[in-house]
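Trainee: Below is one structure. I have some questions about it.
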Amino acid sequence: MELKNKIENIIKETAANPGTETRYREPLVGYASARDPIFDEMKKVICPRNLHPEEIFPEAKTVVSFFLPFEKELVKLNWRSREPVGEWILAKGETDCLIGEINEKLKAELAKEGIKAVAPSIIFDYKSKGFDVSWSHKSAAYAAGLGTFGVHHMLITRAGCAGRFGTILISAEIPPTLRPTEEFCRYKKGEKCLVCVDRCPAGALTIKGLDKEKCFRLLQENAKAFPELNQLACGKCATGPCALKSR
Ligand code: B12
Ligand code: SF4
Ligand code: SF4
Numbered sequence: 095m096e097l098k099n100k101i102e103n104i105i106k107e108t109a110a111n112p113g114t115e116t117r118y119r120e121p122l123v124g125y126a127s128a129r130d131p132i133f134d135e136m137k138k139v140i141c142p143r144n145l146h147p148e149e150i151f152p153e154a155k156t157v158v159s160f161f162l163p164f165e166k167e168l169v170k171l172n173w174r175s176r177e178p179v180g181e182w183i184l185a186k187g188e189t190d191c192l193i194g195e196i197n198e199k200l201k202a203e204l205a206k207e208g209i210k211a212v213a214p215s216i217i218f219d220y221k222s223k224g225f226d227v228s229w230s231h232k233s234a235a236y237a238a239g240l241g242t243f244g245v246h247h248m249l250i251t252r253a254g255c256a257g258r259f260g261t262i263l264i265s266a267e268i269p270p271t272l273r274p275t276e277e278f279c280r281y282k283k284g285e286k287c288l289v290c291v292d293r294c295p296a297g298a299l300t301i302k303g304l305d306k307e308k309c310f311r312l313l314q315e316n317a318k319a320f321p322e323l324n325q326l327a328c329g330k331c332a333t334g335p336c337a338l339k340s341r
């Protein structure tokens, strides 16, 4: 089987039978060359701490990015309520575990063909590093042609923005995915929207961008409201017209 198909089958089959309460629509997968100059540019755009794929895994040839889109029902549930929604908060934690599982399966299956795979480890450590991260999944997904950034700072894919991204670096070449040439955010395209700005309960979003501190504070409050879930989530901005599709 062609390598690309093998990777995509593993991701899609795992998301179709996830063993979680959260359910997913069909995942999207995109590819970028580890040598693409966009990864040098990211150091400047994101922060100097952001690592180049080859700094994480010197043999990296391809950056594989995947998106696990949440099912429509979960998005509707979070859209309907102004209060934090337990199912969404649960989905955050469950999906991160599922991404870890997918990475392990990919590593094991690719190893059978002599291909090495490394998943960038991401530690969001606000106390010592603020919002700086060593690897940005959404920026990698942008590089791998999966979407464009919305007013809400999230990446909008063809399956929308409601879901989560994973990345794995592999030692084999896969042709890169072409990046979209159009904007997926309605407002950035010149249409009326800003639903994400109106929806944000923290007043963290404006047309100028995201106040990360304000958003983070609300996520911390939500974590206190659902201590058993122990997750930072809200996602009201990810339930508007770009939640499930790009147009
Ligand atoms: C730190 C972090 C946070 C912080 C800060 C958010 C932030 N935007 O930086 C806080 C705690 C506030 C937060 C909140 C949320 N987060 Co968060 N968070 C992260 C984390 C760990 C890193 C974020 C990151 O990439 N920062 C890098 C900087 C650059 O991002 P930025 O400033 O927003 O980027 C802007 C520009 O710099 C530029 N840009 C960025 N990259 C590039 C690249 C190029 C080439 C260019 C030209 C420009 C460009 O465009 C961006 C948009 O304007 C990632 C997981 C990971 N390791 O990737 C998840 C992640 C971004 N979070 C995610 C989610 C879903 C959320 C929440 C909805 C919470 C929830 N789960 O309910 C909210 C949404 C807030 C919002 N509107 O963005 C998802 C986003 C999914 C998506 N569709 O994009 C991610 C990717 C996790 C995942 N595994 O999928 N998060
Ligand atoms: S809700 Fe509208 S303005 Fe906000 S990111 Fe989505 S399409 Fe853009
Ligand atoms: S996650 Fe919630 S608080 Fe943060 S920007 Fe989105 S709507 Fe606002």
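Heads up: the sequence shown is residues 95 to 341, going by the numbering used here.
For every residue, glycine included, the Cβ atom is placed at its ideal position computed from N, Cα and C.
Decide if P152 is buried, meaning its Cβ has at least 16 other Cβ atoms within 10 Å, or exposed.
Mentor: Answer is exposed; the Cβ neighbour count stays below 16.
Trainee: Excluding the 5 residues preceding and the 5 following C287 in the sequence, name in chain order all residues of the same chain whose CB lies nearer than 7 Å to its CB.
Mentor: Here the set comprises R280, Y281 and P335.
Trainee: Let me know the alpha helix (DSSP H) ranges lying completely inside the stretch 267-338, each 4 residues or longer, listed in chain order.
Mentor: Runs found: 289-293 and 306-319.
Trainee: If the criterion is Cβ atoms closer than 8 Å, does the pair A256 and T333 meet it?
Mentor: Yes.
Trainee: Taking all protein chains shown into account, decide if K330 is buried (16 or more other Cβ within 10 angstroms of its Cβ) or exposed.
Mentor: K330 should be labelled buried.
Trainee: May I have the straight-line CA-CA distance separating A211 from L200, to the nearest angstrom?
Mentor: Using only the alpha carbons, I get a separation of about 8 Å.
Trainee: Along the chain, where does the beta strand (DSSP E) that runs through S127 open and close?
Mentor: Per DSSP, S127 belongs to the beta strand (DSSP E) from L122 to S127.
Trainee: State the start and end residues of the unbroken alpha helix (DSSP H) segment that holds P147.
Mentor: From DSSP, the alpha helix (DSSP H) with P147 extends over P147 to I150.
Trainee: Is there contact between the stretch 287-297 and the stretch 308-316, where contact requires at least three CB pairs shorter than 8 Å?
Mentor: Segments in contact, yes.
Trainee: Confirm the yes/no value for this check: CB of G303, any heavy atom of ligand 2, distance under 7 Å.
Mentor: It does not: the Cβ of G303 is nowhere closer than 7 Å to a heavy atom of ligand 2.
Trainee: Note down the Cα distance separating G284 from T251, rounded to an integer number of angstroms.
Mentor: Approximately 18 Å, taken between the alpha carbons.
Trainee: Scan the stretch 136-179 and note each continuous beta strand (DSSP E) run of 3 residues or more that stays entirely inside, going in chain order.
Mentor: 156-163, all fully within the stretch 136-179.
Trainee: Quick one: grab the DSSP three-state call for T189.
Mentor: Reduced to three states, the DSSP call for T189 is helix.
Trainee: Find out if the Cβ-Cβ distance for the pair I216, S228 is shorter than 8 Å.
Mentor: It is a contact, given that the beta carbons lie within the stated cut-off.
Trainee: Between L312 and chain D, is the shortest Cβ-Cβ distance under 8 Å, so that the two count as touching?
Mentor: Among the chains of the structure shown, chain D does not appear; only one protein chain is present.
Trainee: What residue range does the alpha helix (DSSP H) around L263 cover?
Mentor: Per DSSP, L263 belongs to no alpha helix (DSSP H); it is in the beta strand (DSSP E), G257 to I264.
Trainee: Looking at the secondary structure, which residues open and close the beta strand (DSSP E) in which T251 lies?
Mentor: From DSSP, the beta strand (DSSP E) with T251 extends over L249 to T251.
Trainee: Inspect the beta-carbon positions of I105 and P131 and report whether they are closer than 8 Å.
Mentor: The answer is no: Cβ separation not under 8 Å.
Trainee: Which term fits S222, buried or exposed, when burial requires 16 or more other beta carbons within 10 angstroms of its beta carbon?
Mentor: S222 comes out exposed.
Trainee: Taking only three categories from DSSP, how would you classify F225?
Mentor: F225 falls in the coil class under three-state DSSP.
Trainee: Do P335 and ligand 2 come close, with the Cβ less than 7 Å from some heavy atom?
Mentor: Within the cutoff, so yes.
Trainee: Looking at C-alpha atoms only, which residue of T261, I262 and G244 is the closest neighbour of G254?
Mentor: Nearest option by C-alpha distance: G244.
Trainee: When the Cα atoms are used, what is the spatial distance from S265 to G239?
Mentor: So the alpha carbons of these two residues sit roughly 19 Å apart.
Trainee: DSSP three-state label for F218, please.
Mentor: Note: F218 maps to coil in three-state DSSP.
Trainee: Just how far apart, CA to CA, sit L272 and A319?
Mentor: One C-alpha to the other measures close to 42 Å.
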